[in-house]
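A short worksheet on the structure shown next.
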Amino acid sequence: MQLSGAQALIKSLEQQGVDTIFGLPGGAILPVYDPLIDSSIRHILVRHEQGAGHMAEGYALATGRPGVAMVTSGPGATNIVTPIGNAHMDSTPLVVVTGQVASAAIGTDAFQECDITGITMGITKHNFLVKSAQEIPRAVAAAFHLATTGRPGPVLIDVPKDITQSTMDWWYPSTVDEYDLPGYRPEVALDQEAVERAIALINASERPVLYVGGGTLKSRASKELLAFAERTTMPVVTTLMARGAFPDSHDQHLGMPGMHGMYSAVTAIQKCDLLISLGARFDDRVTGKIPAFAPHAKVIHVDIDRAEFNKVRFADVAIQSNVAPVLRAWDAGSATPHNLDVWWKEIRSWQEQYPLFYEEPLADGPLRPQHVIEAIGAKAEPGTIVSAGVGQHQMWASQYWKFEEPGTWINSGGAGTMGFGVPAAIGAKVGRPDRTVWCIDGDGCFQMTAQELVTARAEGIPIKVAILNNAYLGMVRQWQEMFYEERYSEVYLSADLPDYVKWAEAMGCVGLRATNLKQMHEVIDEANAINDVPVVIDFRTDSSEKVFPMVAAGASNDDIQVHPLQRGGAK
Numbered sequence: 001m002q003l004s005g006a007q008a009l010i011k012s013l014e015q016q017g018v019d020t021i022f023g024l025p026g027g028a029i030l031p032v033y034d035p036l037i038d039s040s041i042r043h044i045l046v047r048h049e050q051g052a053g054h055m056a057e058g059y060a061l062a063t064g065r066p067g068v069a070m071v072t073s074g075p076g077a078t079n080i081v082t083p084i085g086n087a088h089m090d091s092t093p094l095v096v097v098t099g100q101v102a103s104a105a106i107g108t109d110a111f112q113e114c115d116i117t118g119i120t121m122g123i124t125k126h127n128f129l130v131k132s133a134q135e136i137p138r139a140v141a142a143a144f145h146l147a148t149t150g151r152p153g154p155v156l157i158d159v160p161k162d163i164t165q166s167t168m169d170w171w172y173p174s175t176v177d178e179y180d181l182p183g184y185r186p187e188v189a190l191d192q193e194a195v196e197r198a199i200a201l202i203n204a205s206e207r208p209v210l211y212v213g214g215g216t217l218k219s220r221a222s223k224e225l226l227a228f229a230e231r232t233t234m235p236v237v238t239t240l241m242a243r244g245a246f247p248d249s250h251d252q253h254l255g256m257p258g259m260h261g262m263y264s265a266v267t268a269i270q271k272c273d274l275l276i277s278l279g280a281r282f283d284d285r286v287t288g289k290i291p292a293f294a295p296h297a298k299v300i301h302v303d304i305d306r307a308e309f310n311k312v313r314f315a316d317v318a319i320q321s322n323v324a325p326v327l328r329a330w331d332a333g334s335a336t337p338h339n340l341d342v343w344w345k346e347i348r349s350w351q352e353q354y355p356l357f358y359e360e361p362l363a364d365g366p367l368r369p370q371h372v373i374e375a376i377g378a379k380a381e382p383g384t385i386v387s388a389g390v391g392q393h394q395m396w397a398s399q400y401w402k403f404e405e406p407g408t409w410i411n412s413g414g415a416g417t418m419g420f421g422v423p424a425a426i427g428a429k430v431g432r433p434d435r436t437v438w439c440i441d442g443d444g445c446f447q448m449t450a451q452e453l454v455t456a457r458a459e460g461i462p463i464k465v466a467i468l469n470n471a472y473l474g475m476v477r478q479w480q481e482m483f484y485e486e487r488y489s490e491v492y493l494s495a496d497l498p499d500y501v502k503w504a505e506a507m508g509c510v511g512l513r514a515t516n517l518k519q520m521h522e523v524i525d526e527a528n529a530i531n532d533v534p535v536v537i538d539f540r541t542d543s544s545e546k547v548f549p550m551v552a553a554g555a556s557n558d559d560i561q562v563h564p565l566q567r568g569g570a571k
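Below, the structure written as structure tokens:
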């Protein structure tokens, strides 16, 4: 059967079970959009290519399946570089198809030409510049294999326009060997000797901590984690990228570690004698000052990517593997620490003395952002998915929302990409239409990608957006107040410009506003009752509110700062 390259590309995506593509057409990719008309694949027409990438990320994080985006050459391709970089940092499976100028024009500075494979070489697992239509099926199959195996990540396929217009004899790879990926061996046999050495360290420990990272979610190890933690009674901390991997309501869960982590989680790591890292990469936001991080702990590091071993912290035992097989092997080997009653007594004292804290909001406003998040969470259905942008609102969402299951927290971690929240929420809702999806956003982040609410309205994707509007770039303001003598340089945004209610209405959404507690509860109830169009709520929040606890950049985690009203016994 003869097909055009464009037809082969769409048929190859269908072979991979793709049900949704997020994209925006343009000259170089235009031939591919013609056979898309006859495909079973749903196409979501975005208003900016960055939105396509973040939607694909949200889809992937909510479903566990790779997200797919398709854009044209030149600025279309460069506009999606930020989502690719974001997916690379957070190990999110993504397949991005870009159009390219005709093969003969490559290197001539042709209209809308750019070297997107060169640009993205450092932020993709691999990328392909397709040289013939016959190569398209192999490139697509290999891209999905690369994106979803080993350490997940983004893969880019760049397809010149003449290749999509030429013909090929249809075929599709039936085995991995046909993908032509020499040297790529993502499956690694479990090192039993390392497993045994880890068991010996666990059995000798008296103050262990399970340090759970995003790799636990990527390897779908939540059930194994719960079983292992309950059998061993170890305390569990979940990083920003692992929220939902272990239930927040569980008595053994200490919360999130790191710069804005819970006091008990941060301090437990500092005081532990054994730190068991499960798919975490010792990010600088978790470690603080590296020489002072968990200074008395031996380290067991489990990660699918061997490049993470000893990169930041030396591991006494390193095990290259997905998380689930290791936990099962430890259970089979009856890995059990000493009686942890004394350790838990100390941890409980920290939890009791330094819980998360904020001052009670006044009835007539302004609203406390933490209270808004708790109020939305209290009225949310079980299994509600939450996305966030980046900044104060992201930290408050990760602290005050109760995450009980995997795939319910969608955020930008390593890259810290402002504007991530709205398009990621749209992608999550497309992937999980049965779930309610809230985006907790800041006014700064919202202004970067709010145009994608037009996409949501046009495509019938009813997300709910809570803007914690403090009229500032909040996290920057917090740092300027604490470390720059309150010299507020270029952080004021204005609470009323733009008018978020009118903006939402102009995009076909429902726009609401709350300035006091009574209105806050009313608009949340109103938003929850609307399930056919997107809803945007402008919550007017206190601009002076800061995120606590906090470890200053480069400081030791021992110097964690709690809320000023809690500072009787802590720094």
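Residues in the sequence shown are numbered from 1 upward in steps of one, following our numbering.
The beta carbon of each residue, even a glycine, is placed where N, CA and C say it ideally should be.
C-beta atoms of residue i and residue j nearer than 8 Å
{"i": "Ile461", "j": "Gly333", "result": "no"}
{"i": "Thr417", "j": "Thr82", "result": "yes"}
{"i": "Val299", "j": "Arg285", "result": "no"}
{"i": "His296", "j": "Glu206", "result": "no"}
{"i": "Leu327", "j": "Phe228", "result": "yes"}
{"i": "Val422", "j": "Asp443", "result": "no"}
{"i": "Met507", "j": "Arg457", "result": "yes"}
{"i": "Val386", "j": "Ile410", "result": "yes"}
{"i": "Gln351", "j": "Tyr400", "result": "no"}
{"i": "Thr92", "j": "Glu57", "result": "yes"}
{"i": "Ala221", "j": "Gln112", "result": "no"}
{"i": "Ser12", "j": "Tyr172", "result": "yes"}
{"i": "Ile426", "j": "Asp538", "result": "no"}
{"i": "Val237", "j": "Ile202", "result": "no"}
{"i": "Ser277", "j": "Gly213", "result": "yes"}
{"i": "Pro549", "j": "Gly261", "result": "yes"}
{"i": "Ala380", "j": "Trp438", "result": "yes"}
{"i": "Val259", "j": "Thr239", "result": "Residue identity differs from the one stated: residue 259 is Met in this sequence, not Val. Taking 8 Å as the Cβ cut-off, Met259 and Thr239 do not qualify as a contacting pair."}
{"i": "Ala8", "j": "Pro182", "result": "no"}
{"i": "Ile524", "j": "Ala375", "result": "yes"}
{"i": "Asn86", "j": "Ala555", "result": "no"}
Integer-rounded CB distance, given that residue j should sit under 8 Å from residue i
{"i": "Ile574", "j": "Thr117", "result": "With the chain covering 1 to 571 only, the question about residue 574 has no answer from this structure."}
{"i": "Leu512", "j": "Val533", "result": "Contact flag wrong, Cβ pair sits at about 12 Å."}
{"i": "Ser264", "j": "Leu275", "result": "The pair is not a contact, with the Cβ atoms about 15 Å apart (cut-off 8 Å)."}
{"i": "Gly383", "j": "Arg435", "result": "6 Å"}
{"i": "Leu156", "j": "Val96", "result": "5 Å"}
{"i": "Lys429", "j": "Ile463", "result": "5 Å"}
{"i": "Gly153", "j": "His54", "result": "Their Cβ separation, rounded to whole angstroms, is 16 Å, which puts Gly153 and His54 out of contact at 8 Å."}
{"i": "Met234", "j": "Leu210", "result": "5 Å"}
{"i": "Val454", "j": "Ile319", "result": "So it is not a contact: roughly 47 Å between Cβ atoms."}
{"i": "Thr63", "j": "Gly413", "result": "That pair is no contact at about 18 Å."}
{"i": "Ala324", "j": "Glu224", "result": "5 Å"}
{"i": "Gly279", "j": "Thr216", "result": "5 Å"}
Residue i, buried or exposed, once every other Cβ within 10 Å from all chains shown has been counted against 16
{"i": "Leu94", "result": "buried"}
{"i": "Leu61", "result": "buried"}
{"i": "Lys571", "result": "Unreliable positioning characterises Lys571 in this predicted model, as indicated by a pLDDT of 41, which lies under 50. A coordinate reading is not provided."}
{"i": "Ile37", "result": "exposed"}
{"i": "Ala6", "result": "buried"}
{"i": "Pro75", "result": "exposed"}
{"i": "Phe483", "result": "exposed"}
{"i": "Asp364", "result": "exposed"}
{"i": "Asp169", "result": "exposed"}
{"i": "Asp283", "result": "buried"}
{"i": "Leu488", "result": "It is worth fixing the name first, because residue 488 is Tyr in this sequence and not Leu. Classification of Tyr488: exposed, given that the 10 Å Cβ count is below 16."}
{"i": "Ile290", "result": "exposed"}
{"i": "Met1", "result": "exposed"}
{"i": "Val342", "result": "exposed"}
{"i": "Leu565", "result": "exposed"}
Beta-ladder partner(s) of residue i, from DSSP
{"i": "Phe580", "result": "As shown, the chain starts at 1 and ends at 571. That puts residue 580 outside it, with no answer to give."}
{"i": "Asn127", "result": "Leu156"}
{"i": "Ser277", "result": "Tyr211 and His301"}
{"i": "Gln100", "result": "Pro160"}
{"i": "Gln561", "result": "Met550"}
{"i": "Ser4", "result": "Thr167"}
Margin query: Quick check on the DSSP output: what are the complete beta strand (DSSP E) runs of length 3 or more inside the stretch 388-447, in order along the chain?
Written below: Counting whole runs of 3 or more residues, the stretch 388-447 contains the beta strand (DSSP E) stretches 437-442.
Next item on the list: Just list the beta strand (DSSP E) runs in the stretch 23-95, keeping only unbroken ones of 3 residues or longer that don't cross its boundaries, in chain order.
Entry: 42-45 and 67-71
Next item on the list: For the stretch 210-266, list the alpha helix (DSSP H) runs that are entirely contained and at least 4 residues long, ordered along the chain.
Entry: Runs found: 214-218 and 222-232.
Checklist line | 4 or more residues per run - each alpha helix (DSSP H) lying fully within the stretch 481-534 | finding: Fully contained in the stretch 481-534 are the following alpha helix (DSSP H) runs of length 4 or more, in chain order: 500-506 and 517-528.
Check: Residue ranges of each alpha helix (DSSP H) run of no fewer than 4 residues wholly in the stretch 134-180, ordered along the chain?
Finding: 136-148 and 161-165
Item checked: Segments of 3+ residues assigned as beta strand (DSSP E) that fall wholly inside the stretch 291-379 -> 298-303 and 317-320
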